[in-house]
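Residues in the sequence shown are numbered consecutively from 0, following numbering that gives the first Met the number 0.
What follows is a set of notes on a single structure, which appears directly below.
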Amino acid sequence: MNKKRILSVVGARPNFMKIAPILLEMDKRDGNFDSMLVHTGQHYDQAMSDVFFHELGMKEPDYNLSVGSGSHAVQTAEIMRRFEEVCLLEKPDLVVVGGDVNSTLACSLTAVKMLIPVAHVEAGLRSLDRTMPEEINRIVTDSISELLFTTEISGTCHLKAEGIPEEKIHLVGNTMIDSLVRFSAQLSRNGGRPRVNALAQAGFYLATIHRPSNVDDPEQLTKVLDILESASDRLPVLFVAHPRTRERLRQFGREARFVEIQGEVGEIRTGLVYLLPPLSYLDFLYTMSRATAVLTDSGGIQEETTFLGIPCLTLRENTERPITIEVGSNELVGLDRARILACLDSIGEGRWKQAAVPPLWDGKAAERIVEILERW
Ligand code: UD1
Numbered sequence: 000m001n002k003k004r005i006l007s008v009v010g011a012r013p014n015f016m017k018i019a020p021i022l023l024e025m026d027k028r029d030g031n032f033d034s035m036l037v038h039t040g041q042h043y044d045q046a047m048s049d050v051f052f053h054e055l056g057m058k059e060p061d062y063n064l065s066v067g068s069g070s071h072a073v074q075t076a077e078i079m080r081r082f083e084e085v086c087l088l089e090k091p092d093l094v095v096v097g098g099d100v101n102s103t104l105a106c107s108l109t110a111v112k113m114l115i116p117v118a119h120v121e122a123g124l125r126s127l128d129r130t131m132p133e134e135i136n137r138i139v140t141d142s143i144s145e146l147l148f149t150t151e152i153s154g155t156c157h158l159k160a161e162g163i164p165e166e167k168i169h170l171v172g173n174t175m176i177d178s179l180v181r182f183s184a185q186l187s188r189n190g191g192r193p194r195v196n197a198l199a200q201a202g203f204y205l206a207t208i209h210r211p212s213n214v215d216d217p218e219q220l221t222k223v224l225d226i227l228e229s230a231s232d233r234l235p236v237l238f239v240a241h242p243r244t245r246e247r248l249r250q251f252g253r254e255a256r257f258v259e260i261q262g263e264v265g266e267i268r269t270g271l272v273y274l275l276p277p278l279s280y281l282d283f284l285y286t287m288s289r290a291t292a293v294l295t296d297s298g299g300i301q302e303e304t305t306f307l308g309i310p311c312l313t314l315r316e317n318t319e320r321p322i323t324i325e326v327g328s329n330e331l332v333g334l335d336r337a338r339i340l341a342c343l344d345s346i347g348e349g350r351w352k353q354a355a356v357p358p359l360w361d362g363k364a365a366e367r368i369v370e371i372l373e374r375w
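Okay, structure coming up:
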């Protein structure tokens, strides 16, 4: 039997932990797959990319397209142009993309026009908010994919409602949780991460905010910062800032309000918001697993907190991951300061809802995916 030539794509930070388990699983069944990896270079900083490869034990990409940042059109077009050359050269049987970033859309569109089938990992999620660039990426990618792997039942329902034939849709669970399961023993070990070790005893909130809708407009960003400052009156806030957020803070002259931390986190005090650079995968998981609550507008963090049972307040009006609310520890709070403070009080008093782990978030999603790829 000929080996299947599978070209997997990563581009931005949230892709790495979703695709790594699939690569590992294909390597285990090496006899059946010729597995190649393309990094589009959408994210390129050491802290946004390299450190993840290292910690997740991913092989060096076979191709790095080095596209870097740009407007949506420029970034997407440049990825398409460069990815087409790789497809022409390698002639894969299947292209595997994950999540909802511009690299996902660009590579799936390129492949399908070359008559190369596409598998979409984390298919079917819908915020129903088309002002989010990710929502457009999801809709387009799903509509042209041949294999659609969903993480939760809402994904399967959306795809069916959009007319995707049932035989293309597979509810397999969550490969991002596969990565978390893989490292969970390491997280519970004492003394794992020196940088954040000092926090283990103290209560604190962890914040990550990077959506354009929350940081690109000075008025919205002011609301976010006011919320974090009010929260810090209850417990210290560790604000881990994405490069986009950092740039906006600088641009709007807001950095001075916070205490900068570059290296070790020493003692942290109530009443202060601490500004941290992007953390590595393991440092972030370690910090998150010890937080009293997480305030975020990320997609993946809603899922990771649900798995860890850490209360999560999502500073958005909608979520494409409803199971994290229905079953998990997540709540949508928008930028409603009074509501957020009331939630933090509930959490402090131990009155937050009991979270459970959604079905199939068991660390075996990649195994299920690769079994399907073998049969396909
Ligand atoms: C992208 C994804 C978003 C995801 C996020 C996770 C899209 C449309 N959005 O948003 O869904 O939640 O990644 O991080 O794909 N930058 C750096 N270094 C880097 C990468 C980016 O400094 O390594 C800065 C640049 O100023 C760049 C900006 O961040 O212009 C935005 O990067 P980009 O990849 O366009 O989108 P993200 O906001 O990261």
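The beta-carbon is built from N, C-alpha and C at its ideal position, and this holds for glycine as well.
Isoleucine 267 to leucine 274 span [Cα, whole Å]:
For the pair isoleucine 267 and leucine 274, the Cα-to-Cα distance works out to about 12 Å.
Which listed residue (Pro13, Val180, Ile176 and Asp29) has its alpha carbon closest to that of arginine 4
Measuring from the Cα of arginine 4, the nearest candidate turns out to be Asp29.
Buried or exposed: methionine 35, going by 16 or more other Cβ atoms within 10 Å of its Cβ?
Per the 10 Å Cβ criterion, buried.
Since I believe methionine 131 is in contact with alanine 105 (beta carbons under 8 Å), could you give me their beta-carbon distance rounded to a whole number of angstroms?
Between methionine 131 and alanine 105 the Cβ distance is about 17 Å, and since that is not below 8 Å, they are no contact.
Sorry if obvious, but does the Cβ on arginine 81 come closer than 6 Å to a heavy atom of the ligand UD1?
Answer for arginine 81: no, Cβ out of range of the ligand UD1.
May I have the straight-line CA-CA distance separating phenylalanine 251 from valine 214, to the nearest angstrom?
Whole-angstrom Cα-Cα distance: 10 Å.
Closest to glycine 10 by CA distance: which of Asn63, Gly347, Asp33 and Lys58 is it?
For glycine 10, the nearest C-alpha among the options comes from Asn63.
Just checking histidine 119 against the ligand UD1 - is the residue's beta carbon closer than 6 Å to any of the ligand's heavy atoms?
Between the ligand UD1 and histidine 119, a heavy atom-to-CB distance of less than 6 Å is absent.
Which residue comes first and which comes last in the alpha helix (DSSP H) that contains tyrosine 43?
Element bounds for tyrosine 43: n/a, residue is neither H nor E.
If the criterion is Cβ atoms closer than 7 Å, does the pair glycine 140 and histidine 119 meet it?
Position check: residue 140 holds threonine in this sequence, whereas glycine was assumed. The answer is yes: Cβ separation under 7 Å.
7 Å Cβ cutoff met for leucine 331 and threonine 318
Going by C-beta atoms, leucine 331 is nearer than 7 Å to threonine 318.
I'd like to know if the segment 14-23 and the segment 64-79 are in contact, where contact means that at least 3 CB-CB pairs between them fall below 8 Å.
Three or more beta-carbon pairs separated by less than 8 Å are not found between the segment 14-23 and the segment 64-79, which leaves the two stretches without contact.
Minimum C-alpha distance to glutamate 228 - residue among Arg336, Val111 and Glu246
Of the candidates Arg336, Val111 and Glu246, the residue whose Cα lies closest to the Cα of glutamate 228 is Arg336.
Return the chain-ordered list of same chain residues with a C-beta closer than 6 Å to the C-beta of isoleucine 226, the five sequence neighbours on each side being excluded.
The residues are Arg336 and Ile339.
First and last residue of the beta strand (DSSP E) that includes histidine 241?
Element bounds for histidine 241: n/a, residue is neither H nor E.
Should aspartate 344 be labelled buried (16 or more other beta-carbon atoms within 10 Å of its own) or exposed?
Per the 10 Å Cβ criterion, exposed.
Is proline 116 near the ligand UD1, going by C-beta to nearest heavy atom under 6 Å?
Not a single heavy atom of the ligand UD1 lies less than 6 Å from the C-beta of proline 116.
Three-state secondary structure assigned by DSSP to histidine 169:
Correct three-state label for histidine 169: strand.
Who are the Cβ neighbours of arginine 315 in its own chain at under 6 Å, not counting the five residues just before and after it?
The residues are Asp296.
Going along the chain, which residues of its own chain have a beta-carbon closer than 7 Å to the beta-carbon of glycine 191, five neighbours each way excluded?
Note on glycine 191: pLDDT 49, under 50, position unreliable in the model; the coordinate value appears next. The residues are Gln185 and Tyr285.
When you compare only the Cα positions, how much space is there between cysteine 86 and alanine 110?
Whole-angstrom Cα-Cα distance: 7 Å.
With DSSP collapsed to three states, give me the class of valine 369.
The answer is helix: DSSP assigns valine 369 an H, G or I state.
Quick one: is serine 107 buried, meaning 16 or more other Cβ sit within 10 Å of its Cβ, or exposed?
Label assigned to serine 107: buried.
From the DSSP secondary-structure annotation, give me the bridge partner or partners of glutamate 330.
Under DSSP, the beta-bridge partners assigned to glutamate 330 are Leu312.
From the DSSP secondary-structure annotation, give me the bridge partner or partners of lysine 27.
In the DSSP output, where bridge partners are listed per residue, lysine 27 has none listed.
Just to confirm, is the Cβ distance from valine 264 to phenylalanine 238 under 7 Å?
Inclusion of valine 264 and phenylalanine 238 in the CB contact set at 7 Å is not warranted, their separation being larger than that value.
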